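S.K.: My questions all concern the structure below.
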DNA sequence: AACTAATGAATCC
DNA sequence: TGGATTCCCTTAGT
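Numbering (the UniProt record's numbering), first residue to last: 1 to 595.
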């Protein structure tokens with residue numbers, strides 16, 4: 001049959017359809033058929049299948065439509081990245097997702113076997129090769145504790161599933177009341193929870209209008225909590241009443257209002273937007289005006305709005321410190337609540353300061369970290385731009401930097417290059433880290449940034465807790481453990497997980513006095529205790545897991561205190577939701593990857 | 001079951 | 001320097 005073509009049959013570019021010929025799942029007969037088809041070039045008008053020979057003589061460049069299965073990461077055929085069951089198979093074309101060096105994948109990464117600094121082979125684990133160890137781990141499902149000297153909270157004691165309506169961003173234990181946990185979320189809401197009374201849940205929704213980045217208790221008043229938010233304010237909240245005042249506001253013209261200094265610019269842009277949307281305006285009227293305004297707020301606004309991330313209190317000097325997303329440090333006097341002096345540029349201009357920490361013993365020392373890949377040590381007596389005492393260099397953004405809790409002689413940093421670093425000012429110097437521990441805590445825009453934190457109870461200042469990003473296949477379930485690491489050896493002391501928690505837990509806080517771990521995973525909060533303690537003290541008490549939210553009250557969509565966007569302000573006071581008791585084993589938190 | 005949205009940093013030019 | 005583009009193991013929704 002002669003090919004039916006347009007324009008004489010020679011001008012139109014041919015279309016090559018590539019099909020998958022290497023699928024290992026398909027049977028051999030299917031494979032042959034597909035391979036046969038692969039050879040066939042079709043014309044765009046394709047009424048026929050036999051034009052291959054003729055079309056291949058065309059001088060036009062062929063348009064190739066590939067139906068081959070390709071890797072979703074590198075878009076190349078022959079392999080596929082993604083979950084196979086509960087095990088994630090990496091794209092071999094990319095550097096290792098764990099240690100970021102090319103040539104291998106996470107499955108065979110030496111750091112997956114031994115987290116110690118340098119590539120220490122896994123001989124200490126009784127395996128001859130890393131593959132052996134991975135194999136052992138897949139079968140054995142648990143890594144035995146390396147030491148028994150630490151009491152690790154490894155069993156879920158109680159929890160509220162969907163405590164928050166957005167993901168948890170920070171946690172803080174009450175300084176004197178052992179059973180009160182404070183939690184902040186991406187919406188700016190503040191949770192106050194006595195985890196002895198699992199069913200009672202208090203959430204303050206009117207303090208901040210978006211992300212609560214950090215919390216800090218007043219050193220002089222246990223009932224007062226400071227909060228730093230991306231709405232550009234530092235709040236001071238009375239926990240009993242929920243009444244809050246703003247100590248610092250970097251967006252005095254309002255979170256959702258136009259900056260007066262830039263009114264001209266905005267008006268100009270507003271004009272343009274009006275032109276763009278004039279068609280809409282004519283047709284849809286009011287709706288389009290709202291749309292224009294939304295464009296203004298979300299595209300223009302956030303580039304000028306200031307957000308506060310870092311927060312700490314300098315007790316000796318009576319100062320409250322905050323730092324914003326443009327690299328500036330702000331200082332307020334806690335007695336007068338007045339901002340002192342001018343903002344100081346402490347990180348690269350325009351880059352976010354992700355954290356602040358005051359030295360536990362020396363009031364003159366301040367530690368900061370930021371998106372400019374540095375953690376910096378400052379002398380509070382003389383803080384001005386480029387006057388840092390030490391600059392701790394990292395390869396990527398530094399999520400957090402903390403002085404060790406007792407002596408303050410060590411600094412623990414978490415960087416997005418998948419490394420936890422320890423900088424020792426006594427046994428080393430701050431020019432280079434005394435230890436680097438490869439650990440999976442990558443950046444993911446949908447996750448709260450991971451922050452490795454010291455155990456405040458550990459007098460040796462060696463135990464650190466941090467959530468893990470990559471999953472491990474535990475009995476057919478992909479779980480993301482919470483890791484306990486001994487920073488002196490670099491060894492994994494314990495990995496804590498529960499088959500019912502399939503979501504990642506980036507936010508973790510160890511109790512200042514008790515063997516208790518609080519973790520925030522997605523919108524839920526979990527309280528962990530050591531298994532032995534749990535069994536001896538409360539043999540009859542079942543684990544209390546409470547479910548909140550949509551499924552509970554048959555609500556459609558979101559919480560009743562939800563607004564449609566994350567930037568909208570809550571206008572509600574405290575609330576205590578009725579919650580349903582849920583046996584832990586009935587339903588996992590997070591629903592995927594159970595095979 | 002198969003989609004989608006939310007949304008932060010790096011990279012490129 | 002800034003805008004467009006991309007991105008890898010998300011999660012909870014429709």
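Glycine included, each C-beta is placed from N, C-alpha and C at the ideal position. In this text, all values refer to a predicted model and were calculated from it rather than measured experimentally.
Any contact of the stretch 367–374 with the stretch 392–399, i.e. 3+ C-beta pairs under 8 angstroms?
M.R.: Yes, the stretch 367–374 touches the stretch 392–399.
S.K.: Of all the options 495, 491 and 506, which has the alpha carbon lying nearest to the alpha carbon of residue 438?
M.R.: One-based indexing of the first chain puts residue 438 at position 438. Looking at the Cα atoms, 491 is the closest of the given residues.
S.K.: Helix, strand or coil for residue 107 per DSSP?
M.R.: As a working mapping, residue 107 is identified with position 107 in the first chain. In the structure shown, residue 107 sits in a helix (DSSP, three-state: H, G or I).
S.K.: Consult DSSP for residue 90 and reduce its assignment to one of helix, strand or coil.
M.R.: In the first chain, counting from the first residue as 1, residue 90 sits at position 90. Looking at residue 90 - three-state DSSP - the assignment turns out to be coil, as it is neither helix nor strand.
S.K.: What span of residues does the beta strand (DSSP E) with residue 76 cover, start to end?
M.R.: Locating residue 76 in the first chain gives position 76, where the first residue counts as 1. Counting along the chain, residue 76 falls outside any beta strand (DSSP E), and DSSP gives it neither H nor E.
S.K.: With burial defined as no fewer than 16 other Cβ atoms inside 10 Å of the residue's Cβ, what is the status of residue 403: buried or exposed?
M.R.: One-based indexing of the first chain puts residue 403 at position 403. The residue in question, residue 403, is buried, as its Cβ has 16 or more Cβ neighbours within 10 Å.
S.K.: Does DSSP put residue 278 in a helix, a strand or coil?
M.R.: Position 278 of the first chain, counted from the start, is the residue given in the question as residue 278. For residue 278, the predicted structure reports a pLDDT of 41, less than 50, and the residue's modelled location is therefore unreliable. The matter cannot be settled from this model.
S.K.: From the DSSP output, in three-state form, read off residue 381 for me.
M.R.: For the purposes of this step, residue 381 is taken as the residue at position 381 of the first chain. Correct three-state label for residue 381: helix.
S.K.: To which residues of the same chain is residue 361 closer than 8 angstroms at the C-beta, ignoring the five residues directly before and after it?
M.R.: Here residue 361 refers to the residue found at position 361 when the first chain is read from its first residue. Contacts found: 407 and 408.
S.K.: Between 345, 92 and 87, which lies nearest to residue 386 when the distance is taken from Cα to Cα?
M.R.: Position 386 of the first chain, counted from the first residue, corresponds to residue 386. It is 345.
S.K.: Between which two residues does the beta strand (DSSP E) harbouring residue 319 extend?
M.R.: As a position in the first chain, residue 319 is number 319, starting the count at 1. Element bounds for residue 319: 319–324.
S.K.: Residue 589 to residue 503, Cα distance in whole Å?
M.R.: Numbered from its first residue, the first chain carries residue 589 at position 589. Numbered from its first residue, the first chain carries residue 503 at position 503. Computed Cα separation, rounded: 7 angstroms.
S.K.: Is the number of C-beta pairs between the stretch 492–501 and the stretch 166–173 that are closer than 8 angstroms three or more?
M.R.: No, because fewer than three Cβ pairs between the stretch 492–501 and the stretch 166–173 fall closer than 8 angstroms, the two stretches do not touch.
S.K.: Quick check: the Cα distance between residue 343 and residue 226, rounded to an integer number of angstroms?
M.R.: For the purposes of this step, residue 343 is taken as the residue at position 343 of the first chain. For the purposes of this step, residue 226 is taken as the residue at position 226 of the first chain. Whole-angstrom Cα-Cα distance: 19 angstroms.
S.K.: Does the stretch 153–164 touch the stretch 187–203, meaning 3 or more C-beta pairs lie closer than 8 angstroms?
M.R.: The stretch 187–203 is in contact with the stretch 153–164.
S.K.: Report the three-state DSSP secondary structure of residue 419 (helix, strand or coil).
M.R.: Your numbering for residue 419 matches position 419 in the first chain. It is a strand residue.
S.K.: Could you please give the first and the last residue of the uninterrupted beta strand (DSSP E) stretch that includes residue 224?
M.R.: As a first step, residue 224 is located in the first chain; it is residue number 224 there, counting from the start. That run of the beta strand (DSSP E) goes 224–229.
S.K.: According to DSSP, what are the bridge partners of residue 366?
M.R.: As a working note, residue 366 is residue 366 in the first chain. According to DSSP, residue 366 bridges with 358 and 378.
S.K.: What does the Cβ neighbour count give for residue 532, buried or exposed, with the cut at 16 atoms within 10 Å?
M.R.: Here residue 532 corresponds to residue number 532 of the first chain, with the count starting at 1. Residue 532 should be labelled exposed.
S.K.: Would DSSP call residue 304 helix, strand or coil?
M.R.: Sequence index remark: in the first chain, residue 304 carries index 304 (1-based). Residue 304: helix per DSSP, three-state reduction.
S.K.: I believe residue 239 touches residue 192 by the beta-carbon criterion, under 8 angstroms. Please report the beta-carbon distance rounded to the nearest angstrom.
M.R.: Looking up residue 239 in the first chain gives position 239. Looking up residue 192 in the first chain gives position 192. The Cβ separation is near 6 angstroms, so the contact holds.
S.K.: Between the alpha carbons of residue 452 and residue 314, how many angstroms are there, rounded?
M.R.: As a working note, residue 452 is residue 452 in the first chain. As a working note, residue 314 is residue 314 in the first chain. So the alpha carbons of these two residues sit roughly 22 angstroms apart.
S.K.: State the DSSP-derived secondary structure class of residue 410, mapped to helix, strand or coil.
M.R.: In the first chain, counting from the first residue as 1, residue 410 sits at position 410. Here residue 410 sits in strand by DSSP.
S.K.: I want to know whether the stretch 440–458 touches the stretch 466–484 - three or more CB-CB distances under 8 angstroms.
M.R.: Yes, the stretch 440–458 is in contact with the stretch 466–484.
S.K.: Using 8 angstroms as the threshold, is the C-beta distance between residue 232 and residue 334 below it?
M.R.: If you number the first chain from 1, residue 232 lands on position 232. If you number the first chain from 1, residue 334 lands on position 334. Going by C-beta atoms, residue 232 is not nearer than 8 angstroms to residue 334.
S.K.: Rank 338, 93, 101 and 518 by C-alpha distance to the C-alpha of residue 417 and give the top, closest one.
M.R.: Your numbering for residue 417 matches position 417 in the first chain. When only C-alpha atoms are compared, the closest one is 101.
S.K.: What are the boundary residues of the beta strand (DSSP E) that residue 215 is part of?
M.R.: Residue mapping note: residue 215 aligns to position 215 of the first chain, counting from 1. Start and end: 212–217.
S.K.: DSSP three-state call for residue 532: helix, strand or coil?
M.R.: Along the first chain, read from residue 1 onward, the residue named residue 532 stands at position 532. Residue 532: helix per DSSP, three-state reduction.
S.K.: Do you know how far the Cα of residue 359 is from the Cα of residue 384?
M.R.: Counting from one through the first chain, the residue named residue 384 turns up at place 384. Counting from one through the first chain, the residue named residue 359 turns up at place 359. So the alpha carbons of these two residues sit roughly 18 angstroms apart.
S.K.: Could you name the residues of the same chain whose beta carbon sits closer than 6 angstroms to that of residue 421, not counting the 5 residues immediately before and after it, in chain order?
M.R.: Here residue 421 corresponds to residue number 421 of the first chain, with the count starting at 1. These residues qualify, in order along the chain: 413, 433 and 436.
S.K.: To which residues does DSSP link residue 84 through a beta bridge?
M.R.: As a first step, residue 84 must be located in the first chain, where it is residue number 84. DSSP output for residue 84 lists 87 as bridge partner(s).
S.K.: Counting C-beta neighbours from all protein chains within 10 Å, is the total for residue 508 16 or more, i.e. buried, or is it exposed?
M.R.: Numbered from 1 along the first chain, position 508 holds the residue referred to as residue 508. Answer is buried; the Cβ neighbour count reaches 16.
S.K.: So, with DSSP's three-state summary, where would you put residue 112?
M.R.: Sequence index remark: in the first chain, residue 112 carries index 112 (1-based). DSSP places residue 112 in helix when its eight states are reduced to three.
S.K.: The beta strand (DSSP E) spanning residue 486 covers which residue range?
M.R.: As a working note, residue 486 is residue 486 in the first chain. 482–486 is the span of the beta strand (DSSP E), which, as asked, contains residue 486.
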